[in-house]
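Notes follow once the structure below has been shown.
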């Protein structure tokens, strides 16, 4: 049995991108034998306030990540539109231009609120979902999901299950690996406070990204 690679996309604001995005993703890629993932920054997030940082800066930081991790690339389709970045609309556009199966990566918190997403049932008809379940949360059981698969340090994924990801839709894969205790919100707070020692360890985000942030004075508190 051969394994055909699905087109795999990781959507998010990446504001800023950090190791908490990359390390669990790389572990999931290894477990599922996925060799390439597109980092897909949204333009206007439907569940968050409009971003204060420019798309240009987010793209530049993602480019640094991709230069460090050759298995990652930037998928900029959502930045090409001035509309709210609804995942359904994006996947529908991609599906029209590609015959390959689609996998969409999200965090566990996003999946737990998945039923609030625009046309979420139809998203499951367009793709499979890979959940980066860093805290190994019990995921909601949705009747629209055709199959749940688990993978982690002690959960191997069979070749048959990998093959299913390339031929079917509506599957949810819960990938639980050691937690990376970092978030974009925490990083922004540290940058606003100029708490650089926490960030300069290189364990939170790549030092090259931190250098870019400092160079362009991103996330600094503006003094009136």
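Residue numbers (full-length UniProt numbering): 1 to 224. Think of the CB as a built atom: it goes at the ideal place given N, C-alpha and C, for glycine as much as any other residue.
For residue i and residue j, I'd like the C-alpha separation in whole angstroms.
i           : j           : result
residue 80  : residue 194 : 33 angstroms
residue 103 : residue 199 : 32 angstroms
residue 1   : residue 189 : Any reading at residue 1 must be qualified, since the residue scores a pLDDT of 44, below 50, and its modelled position is unreliable; the value itself is stated next. The straight-line gap from Cα to Cα measures roughly 49 angstroms.
residue 105 : residue 26  : 12 angstroms
residue 154 : residue 175 : 11 angstroms
residue 213 : residue 160 : 43 angstroms
residue 126 : residue 186 : 33 angstroms
residue 15  : residue 184 : 6 angstroms
residue 203 : residue 110 : 24 angstroms
Counting C-beta neighbours from all protein chains within 10 Å, is the total for residue i 16 or more, i.e. buried, or is it exposed?
i           : result
residue 7   : buried
residue 210 : buried
residue 96  : exposed
residue 23  : buried
residue 207 : exposed
residue 98  : exposed
residue 167 : exposed
Out of the options, state which residue places its alpha-carbon closest to the alpha-carbon of residue i.
i           : options         : result
residue 43  : 53, 135, 66, 25 : 53
residue 144 : 112, 124, 98    : 124
residue 108 : 15, 19, 139     : 139
residue 69  : 89, 55, 21, 184 : 21
Measure the CB-CB distance between residue i and residue j and report whether it falls below 8 angstroms.
i           : j           : result
residue 216 : residue 47  : no
residue 134 : residue 172 : no
residue 36  : residue 71  : yes
residue 59  : residue 74  : yes
residue 151 : residue 32  : yes
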